[in-house]
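Some notes on the structure that comes next.
Residue numbers (our numbering): 1243 to 1467.
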């Protein structure tokens, strides 16, 4: 029930407030949040505080992260390498707009599925397609919700959502053999991303996720050490 603009406003207000709470004896009376004098317990071990990561997509969020000394995490969601490039461009623009700020870290989060057979990869693309069909339905905030669950999507409904099709997911997400995954992730590295985040959430079974992650650990990660 929260629109993206309200969510962004809440984020921009709470980040400075969190820093204040870590310092101690901080009170806040804002548009989104209001609370009396408050102190975190225990206090942060890091000086001045733990690293803060901001999930950013639009230019304003990148600029906010830089202005507030935060690292940046981006995701192309269901989109592909063009969006990964666009997000890095926004980050670089923010860095250029804040020349007195140290360049923070930037992480890219991408749906990842590694397998060694074509049949597994085809099914993996279908599973991630299903995930995004439901992701989009939740985001649109239009379908009935009962007992915390959204009304099920039919196979026909999902088949009509072209941007989330299995074919597009196979092309845009990191779905491939270990060798293919390495090549795709090296593209992100060459763009300047500091960290890669393996997005495991999908409609796959636990065993399929585990097998993919094991392949990623054993056959993909060594290429980046």
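The beta carbon of each residue, even a glycine, is placed where N, CA and C say it ideally should be.
Residue environment, residue i, which counts as buried when at least 16 other CB atoms sit within 10 Å
i            : result
residue 1287 : exposed
residue 1414 : buried
residue 1410 : buried
Selected residue, minimal CA-CA separation from residue i, among the options
i            : options                : result
residue 1260 : 1248, 1290, 1245       : 1290
residue 1328 : 1463, 1458, 1362, 1434 : 1434
residue 1375 : 1406, 1389, 1449, 1384 : 1406
residue 1351 : 1426, 1387, 1422, 1359 : 1426
residue 1253 : 1272, 1264, 1420       : 1272
residue 1440 : 1316, 1361, 1400       : 1316
Spatial neighbours of residue i in its chain, beta-carbon cut-off 8 Å, leaving aside the 5 residues before and after
i            : result
residue 1340 : 1305, 1308, 1309
residue 1313 : 1293, 1294, 1295, 1296, 1307, 1346, 1347, 1348, 1349
CB of residue i within 9 Å of CB of residue j, strictly
i            : j            : result
residue 1416 : residue 1378 : no
residue 1349 : residue 1437 : yes
residue 1353 : residue 1373 : yes
residue 1418 : residue 1357 : yes
residue 1240 : residue 1267 : The first residue shown for the chain is 1243 and the last is 1467, placing residue 1240 beyond what the model contains.
residue 1368 : residue 1318 : no
residue 1298 : residue 1332 : yes
residue 1184 : residue 1393 : The first residue shown for the chain is 1243 and the last is 1467, placing residue 1184 beyond what the model contains.
residue 1458 : residue 1431 : no
residue 1444 : residue 1370 : yes
residue 1455 : residue 1412 : no
Own chain, CB closer than 7 Å to residue i, minus 5 neighbours either side, in chain order
i            : result
residue 1345 : 1337
Within-9 Å CB hit, residue i to chain C
i            : result
residue 1262 : No chain C is part of this structure, which consists of one protein chain only.
Cutoff 6 Å; reference residue i; Cβ partners in own chain excluding five residues on either side
i            : result
residue 1325 : 1318
Contiguous alpha helix (DSSP H) assignments of at least 4 residues, all confined to the region 1351–1393: 1360–1382
Alpha helix (DSSP H) runs contained entirely in the region 1278–1356, provided each spans 4 or more residues: 1301–1309, 1323–1339
Within the region 1246–1282, ranges of the alpha helix (DSSP H) (whole runs, at least 4 residues): 1246–1265
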